[in-house]
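Taken in order, these protein sequences are the chains called A and B. If you use the UniProt record's numbering, the first sequence corresponds to residues 1 to 318, in order. If you use the UniProt record's numbering, the second sequence corresponds to residues 1 to 301, in order.
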Amino acid sequence: MAATTTGAPALRRKRTRERLRILGFLSPWLIGFSVFFGYPLIATVYFSFLHYNQIERPEFVGLRNWTYVLTQMPLFGPALWNTLWLVVVMVALRVVFGLGIGLLVTRITSGAGFFRTAFYLPYLAPPVAATVAFVFLLNPATGPVNGILGAVGIPAPSWFNDPHWAKPSLVLLSLWGIGDLMVIFMAALLDVPKEQYEAAELDGAGAWGKFRYVTWPSITPIVLFAVVTGVVQTMQYYTQALVAGKLASGVSIGPGTVIQPGYPDHSTLTVPQLVYSLGFQNFNTGAACALSLVLFALAMAVTVLLMRKRAGLLPAED
Amino acid sequence: MTTTTLRTRPGPARALRAAGGPAARARRKRLLHWIAVHAMALAAALFFLLPFVFVFLTAVMSDEQAMSGELWPHTWHWSNYATVFTTPGFLDWWQNSLLYAGLGTLFTVCSAVPVAYALATFRFRGRRVAMILVISTMMLPPQVVVMPMYLVWAQQLHLAGSVWPLVIPMAFGDAYSVFLLRQFMLTIPQEYAESAKVDGCGELRTLLRIIVPMSRPGIAAIALFQFFFCWNDYFGPQIYAAQNPAAWTLSYGLESFKSAHNVNWNLTMAATMLVMAPVIVVFFFAQKAFVEGVTLTGVKG
Numbered sequence: 001m002a003a004t005t006t007g008a009p010a011l012r013r014k015r016t017r018e019r020l021r022i023l024g025f026l027s028p029w030l031i032g033f034s035v036f037f038g039y040p041l042i043a044t045v046y047f048s049f050l051h052y053n054q055i056e057r058p059e060f061v062g063l064r065n066w067t068y069v070l071t072q073m074p075l076f077g078p079a080l081w082n083t084l085w086l087v088v089v090m091v092a093l094r095v096v097f098g099l100g101i102g103l104l105v106t107r108i109t110s111g112a113g114f115f116r117t118a119f120y121l122p123y124l125a126p127p128v129a130a131t132v133a134f135v136f137l138l139n140p141a142t143g144p145v146n147g148i149l150g151a152v153g154i155p156a157p158s159w160f161n162d163p164h165w166a167k168p169s170l171v172l173l174s175l176w177g178i179g180d181l182m183v184i185f186m187a188a189l190l191d192v193p194k195e196q197y198e199a200a201e202l203d204g205a206g207a208w209g210k211f212r213y214v215t216w217p218s219i220t221p222i223v224l225f226a227v228v229t230g231v232v233q234t235m236q237y238y239t240q241a242l243v244a245g246k247l248a249s250g251v252s253i254g255p256g257t258v259i260q261p262g263y264p265d266h267s268t269l270t271v272p273q274l275v276y277s278l279g280f281q282n283f284n285t286g287a288a289c290a291l292s293l294v295l296f297a298l299a300m301a302v303t304v305l306l307m308r309k310r311a312g313l314l315p316a317e318d
Numbered sequence: 001m002t003t004t005t006l007r008t009r010p011g012p013a014r015a016l017r018a019a020g021g022p023a024a025r026a027r028r029k030r031l032l033h034w035i036a037v038h039a040m041a042l043a044a045a046l047f048f049l050l051p052f053v054f055v056f057l058t059a060v061m062s063d064e065q066a067m068s069g070e071l072w073p074h075t076w077h078w079s080n081y082a083t084v085f086t087t088p089g090f091l092d093w094w095q096n097s098l099l100y101a102g103l104g105t106l107f108t109v110c111s112a113v114p115v116a117y118a119l120a121t122f123r124f125r126g127r128r129v130a131m132i133l134v135i136s137t138m139m140l141p142p143q144v145v146v147m148p149m150y151l152v153w154a155q156q157l158h159l160a161g162s163v164w165p166l167v168i169p170m171a172f173g174d175a176y177s178v179f180l181l182r183q184f185m186l187t188i189p190q191e192y193a194e195s196a197k198v199d200g201c202g203e204l205r206t207l208l209r210i211i212v213p214m215s216r217p218g219i220a221a222i223a224l225f226q227f228f229f230c231w232n233d234y235f236g237p238q239i240y241a242a243q244n245p246a247a248w249t250l251s252y253g254l255e256s257f258k259s260a261h262n263v264n265w266n267l268t269m270a271a272t273m274l275v276m277a278p279v280i281v282v283f284f285f286a287q288k289a290f291v292e293g294v295t296l297t298g299v300k301g
């Protein structure tokens with residue numbers, strides 16, 4: 001009896017000290033999370049109900065920004081379509097191509113180091129630099145790619161200058177930077193136990209059979225991981241699309257010039273670009289906030305899906 | 001490993017000569033497989049490397065030739081690089097990129113280490129919620145929270161038009177780095193920390209003396225990723241530095257460089273080479289840490 005009454009406060013004091021210590025270690029993130037995530041998220045919701053152009057006094061307008069963004073704004077449809085198009089096509093092709101390059105790399109016996117570095121290098125090129133390079137390479141007038149295609153006699157598209165080819169050109173650019181997926185798939189492929197291949201061979205499995213029944217089952221978690229992170233990244237797709245559109249349009253951008261985003265014909269306009277354009281070119285803060293919350297909802301939907309599927313992000317012990 | 005397999009492999013000529021018999025047929029099949037794989041590898045290497053080659057070659061062409069669509073430079077104008085360097089602003093952009101990437105990386109590492117340690121080792125209520133919040137921040141497109149943040153930096157703190165709105169947030173535990181480093185720290189056996197504590201080390205000393213040295217590969221990986229992220233960042237400088245050309249970074253300036261030198265593809269390509277170069281140099285010095293980091297992101301699957 002006496003032991004417990006003297007023990008409890010000491011235990012509580014120890015507990016408090018322990019809690020303070022944990023808070024201390026976590027404090028940089030706790031501050032960062034509240035200041036750079038919590039506050040702006042709440043403020044964005046608040047701003048989405050205001051008419052505000054960063055100069056005049058903000059004015060409460062209820063749901064007007066929301067109805068404008070979702071039903072009246074002409075560019076919302078194209079931007080959403082482009083983002084979803086990229087999420088489906090770009091992610092699918094990147095995963096297939098990344099897996100293909102991974103499979104190829106694990107089979108190379110001569111000069112493996114050279115090939116691996118060569119395949120990986122483009123991933124490192126800064127996105128703006130890579131985009132500038134591709135706009136040059138693919139430019140219809142003097143670009144080397146169309147020069148070569150013309151010499152061989154293949155009809156060359158206008159790439160970034162053709163509304164039908166602009167998004168496929170962006171996909172090509174993203175396939176060039178496949179290095180991240182190649183490394184992940186390579187590591188997964190090398191982890192597949194060799195004995196399983198030998199066993200499958202004894203059972204008479206061909207190349208396809210070995211892939212289908214040995215390789216595929218053991219790499220599906222990594223494929224899922226690549227798909228999910230790809231979807232998340234592609235929903236944020238911004239820099240390459242913006243830079244490619246601006247450069248291909250050939251319009252020089254002086255200070256204060258507002259150009260229509262998504263050249264050619266809004267074909268490269270993505271939702272994040274529209275947020276920027278609304279907020280920083282049209283100074284329509286309220287509508288920009290409403291649209292950014294739409295983007296947030298889309299991103300959260302994918303994140304929730306990801307948590308449920310446990311695509312390798314939350315370790316099992318949690 | 002590779003060299004020994006190479007040596008035991010039949011030379012192409014010998015394999016072709018021996019055409020009959022099951023062993024010879026197997027050898028021929030292996031040779032055809034070798035040829036197919038390496039032909040595909042060569043084709044892929046062309047796809048990945050030719051863009052660099054064309055950019056490099058165009059960068060040293062004369063102004064007229066760069067507009068001609070020819071592939072090989074008649075005369076090599078290395079002075080194009082000097083012209084790019086002496087373009088007003090270009091050196092400022094370099095400095096700003098180095099400042100952003102250097103300080104940003106330093107701040108990120110210093111703040112991510114204690115947070116990752118706490119999330120990896122301490123058991124406390126809300127740990128799972130904290131992890132979910134970290135991952136949610138990782139998933140969040142930067143455009144979602146940018147409007148209010150911009151107004152704070154521009155109207156309350158008057159720091160728009162500088163790199164500080166980009167650098168300062170890095171001192172508060174970047175989510176991606178915290179997540180990655182935490183995953184790495186989970187692989188360190190708890191016994192090390194426990195035995196340090198038995199020897200009388202406090203939490204902070206245990207972290208600095210035992211955990212940090214053992215996490216060196218993980219720390220190297222997040223430092224590299226963060227350096228590359230800052231160097232490559234376009235959206236951040238576009239929001240916060242755009243108003244003031246003296247605060248632009250290379251990634252942001254490069255695009256306006258193209259706009260200003262609209263017809264001079266050679267100068268634009270030289271500038272492009274100069275933006276790519278540091279990242280590629282850093283990669284060759286830190287290749288191992290980098291590849292380790294990339295696998296770390298996927299290895300938990």
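Every residue, glycine too, gets a C-beta built ideally from N, C-alpha and C. Please read all numbers here as calculations on a predicted model, not as lab measurements.
Enumerate in chain order the residues of its own chain whose CB-to-CB distance from residue i is below 7 Å, with the five nearest sequence positions on each side excluded.
i        : result
A:Tyr52  : Pro58, Thr285, Gly286
B:Met1   : Any reading at B:Met1 must be qualified, since the residue scores a pLDDT of 36, below 50, and its modelled position is unreliable; no value is offered.
A:Tyr68  : Ala287
B:Leu6   : Unreliable positioning characterises B:Leu6 in this predicted model, as indicated by a pLDDT of 40, which lies under 50. The coordinate reading is nonetheless provided below. So no residue of the chain qualifies.
B:Phe56  : Met273
B:Ala270 : Ala59, Asn80, Tyr81, Val84
Just curious, the alpha helix (DSSP H) that residue i is in, first and last residue?
i        : result
B:Cys110 : 90-121
A:Thr106 : 76-107
A:Ala273 : What sits at residue 273 of chain A in the sequence shown is Gln, not Ala. Here the alpha helix (DSSP H) through A:Gln273 covers 271-276.
A:Ser110 : Run containing A:Ser110: none; DSSP gives neither H nor E here.
B:Thr86  : 79-86
B:Glu194 : 190-198
A:Ala205 : Premise fails: A:Ala205 is in no alpha helix (DSSP H) and is neither H nor E.
B:Met185 : 175-186
A:Gly230 : 216-235
B:Arg209 : Here B:Arg209 belongs to no alpha helix (DSSP H), and DSSP marks it neither H nor E.
A:Thr44  : 39-47
B:Met149 : 146-151
A:Ser249 : 239-249
B:Glu64  : 63-66
Ignore the nearest five residues each way along the sequence and tell me which others in residue i's own chain have a CB closer than 8 Å to its CB.
i        : result
A:Leu295 : Met235, Val271, Pro272, Val275
B:Gln243 : Ala160, Gly161
B:Val275 : Leu250, Ser251, Leu254
A:Phe76  : Val69, Leu70, Leu274, Leu291
Cβ of residue i within 9 Å of Cβ of residue j?
i                      : j        : result
A:Tyr263               : A:Ala133 : no
A:Ala244               : A:Val135 : yes
B:Gly236               : B:Leu166 : yes
A:Ala156               : A:Pro140 : yes
B:Tyr240               : B:Val163 : yes
B:Phe178               : B:Val212 : The amino acid occupying residue 178 of chain B in the given sequence is Val; Phe does not appear at that position. No. Outside cutoff.
A:Gly98                : A:Leu181 : yes
A:Pro127               : A:Gly179 : no
B:Ala59                : B:Cys110 : no
A:Pro144               : B:Gly69  : yes
A:Asn146               : A:Thr268 : no
B:Phe184               : B:Gly218 : yes
B:Pro114               : A:Gly24  : yes
B:Arg182               : B:Ala120 : yes
residue 318 of chain B : B:Phe48  : Only positions 1 to 301 of chain B appear in this structure, which leaves residue 318 of chain B out of reach.
B:Trp265               : B:Ala112 : no
What does a CB cutoff of less than 6 Å around residue i pick up in its chain, not counting 5 residues either side in sequence?
i        : result
B:Ala108 : Reading off the sequence shown, one finds Thr at residue 108 of chain B, where the question assumed Ala. Cβ neighbours of B:Thr108 beyond the five flanking positions: Met170, Asp174, Ser177, Gln226.
B:Ser62  : His77
Listed from N- to C-terminal order along the chain, which residues in the segment 67-92 of chain A have their beta-carbon within a distance smaller than 9 Å of any beta-carbon of chain B? From the segment 67-92 of chain A, no residue has a Cβ closer than 9 Å to chain B.
Residues of the segment 264-285 of chain B with Cβ closer than 7 Å to any Cβ of chain A, in chain order: Trp265, Thr268, Met269, Thr272, Val275, Met276, Val279, Ile280, Phe283
Please name the residues in the segment 29-45 of chain A whose beta-carbon is closer than 9 Å to at least one beta-carbon of chain B, in chain order. Those would be Trp29, Leu30, Ile31, Gly32, Phe33, Val35, Phe36, Phe37, Tyr39, Pro40, Leu41, Ile42, Ala43, Thr44, in chain order.
Any chance you could list the alpha helix (DSSP H) runs of at least 4 consecutive residues sitting entirely within the segment 213-298 of chain B, in chain order? Whole alpha helix (DSSP H) segments, 4+ residues: 216-232, 235-240, 250-260, 265-285.
What are the complete beta strand (DSSP E) segments, minimum 3 residues, inside the segment 112-186 of chain A? none
Can you give me, in chain order, the residues of the segment 61-86 of chain B that have a beta carbon less than 9 Å from any beta carbon in chain A? Ala66, Met67, Ser68, Gly69, Glu70, Leu71
The segment 273-284 of chain A: positions lying closer than 8 Å to chain B by Cβ: Val275, Tyr276, Gly279, Phe280
Relative to chain B, which residues along the segment 199-217 of chain A have a C-beta separation below 7 Å, given in chain order? none
Compile a chain-ordered list of the residues in the segment 141-163 of chain B whose CB is closer than 9 Å to at least one CB of chain A. Within the segment 141-163 of chain B, the qualifying residues are Pro141, Pro142, Gln143, Val144, Val145, Val146, Met147, Pro148, Met149, Tyr150, Leu151, Val152, Ala154, Gln155.
Along the segment 197-215 of chain B, where does the CB come closer than 7 Å to a CB of chain A? Name the residues. Glu203
Name the residues in the segment 152-184 of chain A whose C-beta lies less than 7 Å from a C-beta of chain B; which are they? Trp176, Asp180, Val183, Ile184
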